[in-house]
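**Student:** Everything in the sequence shown is counted per this note's numbering, starting at 8 for the first residue and increasing by one.
Handing you this structure, nothing more for now.
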Amino acid sequence: MKVLVDTPVWSALLRRRSPNSPEADELSRLVREDRAVLLGMVRLEILSGLEQPVQFERVRRSLGFFGDIATTAADHERAAEFSNKCRRAGIQGSSVDFLICATAASRLFTIYTTDLDFKHFAKILPIELHRPIG
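Right, here's the structure in full:
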């Protein structure tokens with residue numbers, strides 16, 4: 008099964024803040040197994056805020072191995088529905104987070120993230136969170 012990987016997990020590996028973290032190890036395993044997938048908006052989030060051009064280029068090149076999952080109007084509409092549904096339940100999230108949820112739900116991907124908001128989303132939305140091995 009493919010795994011849609013969220014920004015904080017990619018950052019743990021590519022920004023080298025914690026390259027030996029369990030998240031980075033699990034992402035490396037998913038990449039080796041050709042199971043990790045990338046959403047274009049996540050690519051944008053990862054590359055945003057890299058102040059040093061050398062670091063930006065290194066991360067951009069590393070992400071270049073991954074094509075973006077194409078999103079459709081239906082994905083964006085479903086993301087808005089998910090946002091509205093969660094808001095009615097008192098759960099807030101970002102547009103990118105709900106696009107991740109909608110894209111994963113429509114393609115039957117699991118979501119790998121360290122963002123605790125997704126645990127709340129999973130109580131309301133038809134998403135499955137990736138559980139690392141070990």
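The C-beta atom is built at its ideal place from N, Cα and C for all residues, glycine as well.
Because the structure is a prediction, the values reported are computed rather than measured.
In terms of residues, what are the limits of the beta strand (DSSP E) holding LEU46?
**Tutor:** Counting along the chain, the beta strand (DSSP E) containing LEU46 begins and ends at 43-46.
**Student:** Quick one: give me the first and last residue of the alpha helix (DSSP H) that ILE107 is part of.
**Tutor:** Element bounds for ILE107: 102-114.
**Student:** Using a threshold of 7 Å, state whether the C-beta atoms of VAL10 and ARG39 are closer than that.
**Tutor:** No.
**Student:** Identify the continuous beta strand (DSSP E) that holds ILE118 and give its terminal residues.
**Tutor:** First-last of the beta strand (DSSP E) with ILE118: 117-119.
**Student:** Quick one: measure Cβ to Cβ for HIS137 and THR117, integer angstroms, because I've assumed they're closer than 8 Å.
**Tutor:** Contact flag correct, Cβ pair sits at about 4 Å.
**Student:** Where do the ends of the alpha helix (DSSP H) carrying LEU21 lie?
**Tutor:** Unbroken alpha helix (DSSP H) run through LEU21: 14-21.
**Student:** What first and last residue would you give for the alpha helix (DSSP H) that runs through ARG67?
**Tutor:** First-last of the alpha helix (DSSP H) with ARG67: 60-70.
**Student:** LEU46 and PHE89 - do their beta-carbons sit closer together than 7 Å?
**Tutor:** The answer is no: Cβ separation not under 7 Å.
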